[in-house]
Amino acid sequence: MSAKGKICFGLGHTHALNRGTDSTDLAGTIHLMKYIFPKQFRLHNVFTSDTDPKDTAQPFKDYALREKEIAQANYDWKQKRKQPISREDVPNDGPPVPKRLRGPMVSLLHRLRKRHARCSYYALLQHYCAVRQNPKGMTDDSTRFASSPTQVSAFCRSALSNVFPNDFWGSERAGTHNQGVISRCVDNFIHIRRYETMSMHEVMQGIKLSDVPWLAPPGVDSAQNLSSTDFAKRKEVMAELLYYVFDSFLISLLRSCFYITESHVHRNQLFYFRHDVWQTMTAPSLNLLKATMMEECSAASVRKMLAKRALGVSHVRLLPKERGMRPIINLRRRVQRLQHGEVVLGRSINSLLTPAFSVLNYEKAAHGELLASALFSVDDIFPRLQAFRDSLDQHGHGRSPLFFGKIDVQACFDTIPQQRLMSLVKVILGTERYNVMRYARGKLLGRHNDGNDAFGAKPSWRFLTKASRQADPARYMQEAEADGAAGRSRSIFVDGVVQRVAERRAVLNLLEEHIEANLIKIGKRFYRQKKGIPQGSIVSSLLCSYIYGELERTILGFLDDGKTLLLRLIDDFLVISPRREVVERFMRTMHKGVPEFGVTVKAEKSRVNFDLTIDETPIARVPEVSDFPYCGNAINTRTLDLSKDMDRRRGRSNNAVDSVTVEYSRLPGQTFYRKSLNALKLQMHTMLLSTSYNGFETVLSNLYHCFMEVALKSYHYVRSLPANKQPGHRLLISKSMSTASRVVEA
65 MSAKGKICFG
75 LGHTHALNRG
85 TDSTDLAGTI
95 HLMKYIFPKQ
105 FRLHNVFTSD
115 TDPKDTAQPF
125 KDYALREKEI
135 AQANYDWKQK
145 RKQPISREDV
155 PNDGPPVPKR
165 LRGPMVSLLH
175 RLRKRHARCS
185 YYALLQHYCA
195 VRQNPKGMTD
205 DSTRFASSPT
215 QVSAFCRSAL
225 SNVFPNDFWG
235 SERAGTHNQG
245 VISRCVDNFI
255 HIRRYETMSM
265 HEVMQGIKLS
275 DVPWLAPPGV
285 DSAQNLSSTD
295 FAKRKEVMAE
305 LLYYVFDSFL
315 ISLLRSCFYI
325 TESHVHRNQL
335 FYFRHDVWQT
345 MTAPSLNLLK
355 ATMMEECSAA
365 SVRKMLAKRA
375 LGVSHVRLLP
385 KERGMRPIIN
395 LRRRVQRLQH
405 GEVVLGRSIN
415 SLLTPAFSVL
425 NYEKAAHGEL
435 LASALFSVDD
445 IFPRLQAFRD
455 SLDQHGHGRS
465 PLFFGKIDVQ
475 ACFDTIPQQR
485 LMSLVKVILG
495 TERYNVMRYA
505 RGKLLGRHND
515 GNDAFGAKPS
525 WRFLTKASRQ
535 ADPARYMQEA
545 EADGAAGRSR
555 SIFVDGVVQR
565 VAERRAVLNL
575 LEEHIEANLI
585 KIGKRFYRQK
595 KGIPQGSIVS
605 SLLCSYIYGE
615 LERTILGFLD
625 DGKTLLLRLI
635 DDFLVISPRR
645 EVVERFMRTM
655 HKGVPEFGVT
665 VKAEKSRVNF
675 DLTIDETPIA
685 RVPEVSDFPY
695 CGNAINTRTL
705 DLSKDMDRRR
715 GRSNNAVDSV
725 TVEYSRLPGQ
735 TFYRKSLNAL
745 KLQMHTMLLS
755 TSYNGFETVL
765 SNLYHCFMEV
775 ALKSYHYVRS
785 LPANKQPGHR
795 LLISKSMSTA
805 SRVVEA
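65 is the number of the first residue of the sequence shown in the numbering used here; add one for each residue after it.
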């Protein structure tokens with residue numbers, strides 16, 4: 065925001081809007097017209113043109129800047145022109161303006177530029193999204209400083225009505241109607257959640273085209289009935305205008321005024337923070353990050369590093385959580401680079417690390433003892449608990465009381481010692497050469513068990529890599545058979561054919577650069593991460609499991625007594641033992657800290673099921689009648705039965721709403737069926753439904769909660785659909801509500 069109270073947002077066409085707005089500036093107006101109606105000028109557009117993966121990683125191209133494309137189109141047209149054309153038809157010495165866009169449209173665009181120049185966006189922002197709380201020194205939930213979607217929607221709709229003349233939408237009643245349709249679409253666009261999309265088909269629904277004068281070709285009577293070709297052309301031109309409104313005006317306005325992000329707690333819900341509020345909120349976290357985890361690099365050292373780096377530069381973003389911010393290093397961003405004289409999108413850092421990730425996965429399977437008690441998914445808890453309970457029964461401790469202790473390492477990724485980790489990696493990689501095989505796996509989503517296609521079935525592809533020793537190369541058919549044995553028998557496998565060789569030295573160099581020389585750009589300055597490993601890397605979880613596996617072997621060896629179970633999912637440790645002194649020793653050892661491994665424990669997140677005080681600080685005790693929480697599940701302290709942690713879910717009242725992602729498609733019923741079925745499949749875990757392990761009442765309770773959660777998600781999904789579009793939607797809502805009530809009563 066400038067001192068004059070103006071918001072300088074990058075509309076892409078800002079240079080055209082901000083050029084002289086006198087009545088003689090016809091060239092500037094026509095230049096803006098090419099941004100709004102690119103298809104009419106045969107420029108690259110979203111409706112008929114394909115995207116080049118070298119230009120963008122998004123489904124659609126960014127049209128913020130078209131200067132090079134417009135200049136090339138003008139040059140090509142000049143080269144092909146054989147006869148001189150009057151200056152009236154060739155403004156800005158380029159291709160002629162289509163007849164349908166001459167006359168009223170030129171006048172409308174001139175008014176649009178003048179209104180944009182006079183509009184005080186900052187005043188509108190202050191009016192609709194005023195800052196009512198000072199975010200300095202915040203200690204609680206940071207999301208309360210965000211502007212509500214209702215406020216943001218009112219600001220955007222006000223800016224749209226102040227900049228675009230009413231004549232754009234039609235005359236009299238038709239204009240008022242069309243303006244209302246567009247305002248509702250803007251409001252829906254602001255309120256949608258993460259991963260949700262809005263289609264042009266939805267925006268165009270309800271738009272009246274017959275009473276929009278500037279859409280009519282010259283010399284056509286407004287009372288005349290529209291032909292099918294004329295109607296199709298009017299719809300095409302209006303669709304270009306509406307796409308411009310959302311893609312170039314609305315999105316650019318939001319980017320310039322708000323930092324839009326999800327949060328750690330609210331999952332898919334989006335929050336709109338004013339840039340000045342966000343800067344005030346994040347400044348302490350960024351300063352702490354720079355002081356503790358990073359060191360600034362000089363311009364000379366950055367040039368030397370960039371000249372020989374293979375991984376490029378990382379970017380950091382902050383994610384709001386219950387208290388403070390969580391730093392996440394963005395390693396999926398593809399950056400532009402120069403290749404053969406052209407600017408193209410390069411590979412992301414995570415993509416470049418794929419061979420190293422495959423090699424580490426191979427060593428994980430070959431030498432699992434180095435990982436000690438590490439878990440790699442929540443489902444891995446079940447076989448460990450099952451084996452532990454069988455062991456207790458065999459040794460006569462089946463009826464003995466069990467003692468539980470849980471700790472959570474503070475900022476585990478940011479505190480891992482880099483040199484110790486690299487020394488461990490050199491031990492892990494014990495083969496000089498690896499073969500890396502690439503293949504793809506496709507599966508049809510929404511397929512019935514009988515083999516028939518379900519409603520809304522569509523293919524899903526995963527592109528995978530597999531590493532092996534060069535002396536014992538992996539076979540493609542073996543991998544396909546292994547995947548089939550794992551329950552993927554209805555999948556299609558495509559061999560990548562070419563196997564690449566990964567040298568041990570090359571993999572070590574790549575990991576060393578990633579761990580010890582991770583270069584991060586914040587603003588215009590560069591920093592080296594001097595402590596910890598990047599959170600957001602595809603190898604970070606595996607490396608964290610390896611380093612904590614070494615911690616277990618060197619510090620926690622007393623837990624290997626044959627009667628104690630240690631579970632560890634990334635940085636969440638859980639110890640179960642019939643001996644209280646073992647659990648108490650573990651808790652005291654970890655709370656003391658392990659500096660050589662960078663371990664510091666969050667005392668407020670620690671839990672035990674007995675009375676324990678460490679350094680005059682009482683550790684939170686889980687009541688004996690309650691199940692012990694761990695990683696979203698709950699373990700019965702007497703029988704070791706597994707169930708869902710319902711206390712954690714009750715603390716998040718909007719969990720079902722925030723986790724829903726609605727597809728606003730032409731076939732909402734089919735999509736609803738597919739998503740509801742997939743949600744139910746995700747709830748059906750073996751560890752929750754096994755009657756050979758859990759008690760019968762526990763399984764019934766787990767089934768109840770699974771169906772209840774899916775019913776709530778289905779209900780909120782249907783409620784999120786626009787009920788005023790099709791009469792069947794209201795019936796679908798009532799059916800969903802009755803289904804939810806029947807599940808609850810069951």
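Glycine included, every Cβ here is placed at the ideal spot set by N, Cα and C.
- Unbroken alpha helix (DSSP H) runs of no fewer than 4 residues, entirely contained in the stretch 435–522, are found at 445–458, 476–479 and 482–492, following chain order.
- Under the three-state reduction of DSSP output, P391 falls in the strand class.
- Under DSSP, the beta-bridge partners assigned to P693 are A698.
- Our two residues, G239 and A181, have alpha carbons roughly 24 Å apart in a direct line.
- If you draw a straight line from the Cα of P732 to the Cα of V267, it is about 16 Å long.
- Going by C-alpha positions, E326 is about 25 Å away from N582.
- By the Cβ neighbour-count rule, I100 is buried, with 16 or more other Cβ atoms within 10 Å of its own.
- Taking the Cβ atoms as the reference, Y728 lies roughly 6 Å from M262, within the contact range of under 8 Å.
- Looking at the backbone, the Cα of L508 and that of W525 are separated by about 9 Å.
- M268 is not bridged by DSSP to any residue.
- Note on P102: 16 or more other CB atoms within 10 angstroms of its CB, so buried under the neighbour-count rule.
- By the criterion of at least three beta-carbon pairs nearer than 8 Å, the stretch 562–569 is in contact with the stretch 491–502.
- Taking C-beta atoms as the reference points, V571 and A430 fail to come closer than 7 Å.
- As DSSP reads the structure, K530 sits in a beta bridge with M501.
- Rounded to the nearest whole angstrom, the CA to CA distance from R221 to Q215 is 10 Å.
- By the C-beta density criterion, A684 is exposed, having fewer than 16 other C-beta atoms within 10 angstroms.
- In terms of CA proximity to R702, P465 leads the group E236, A121 and P465.
- In the three-state reduction of the DSSP assignment, P159 falls in the coil class, being assigned neither a helical nor a strand state.
- Between Y503 and V558 the beta-carbon gap is near 6 Å, inside 8 Å, which marks them as a contact.
- Restricting attention to alpha helix (DSSP H) runs no shorter than 4 residues, the stretch 226–286 encloses them at 236–255 and 264–268, ordered along the chain.
- With respect to M358, Q593 sits close: the two C-beta atoms are nearer than 7 Å.
- Listed in chain order, the beta strand (DSSP E) elements of length 3 or more contained wholly in the stretch 549–633 are 556–559, 564–567, 583–586, 589–593 and 629–633.
- Under the three-state reduction of DSSP output, F322 falls in the strand class.
- The alpha carbon of Q343 has as its nearest neighbour, out of V329, H459 and P384, the alpha carbon of P384.
- Scanning L744, R569 and D294 for the CA closest to the CA of F771 turns up L744.
- Note on F760: under 16 other CB atoms within 10 angstroms of its CB, so exposed under the neighbour-count rule.
- Taking C-alpha positions only, K354 is separated from K595 by approximately 11 Å.
- Our two residues, E773 and F468, have alpha carbons roughly 28 Å apart in a direct line.
- Counting along the chain, the unbroken alpha helix (DSSP H) around V170 starts and ends at P168 to R182.
- Membership of E360 in the beta strand (DSSP E) is indicated by the continuous run M358 to E360.
- Taking one beta carbon from each stretch, the stretch 227–245 and the stretch 273–291 have 3 or more pairs nearer than 8 Å; the two touch.
- Contact annotation: K470 and L638 have beta-carbon atoms nearer than 7 Å.
- Counting only the Cα atoms, D119 lies some 22 Å from L370.
- Here the alpha carbons of R257 and L173 stand approximately 33 Å from one another.
- DSSP, read as helix, strand or coil, puts K708 in strand.
- Per DSSP, Y781 is one residue of the alpha helix (DSSP H) stretching across F760 to S784.
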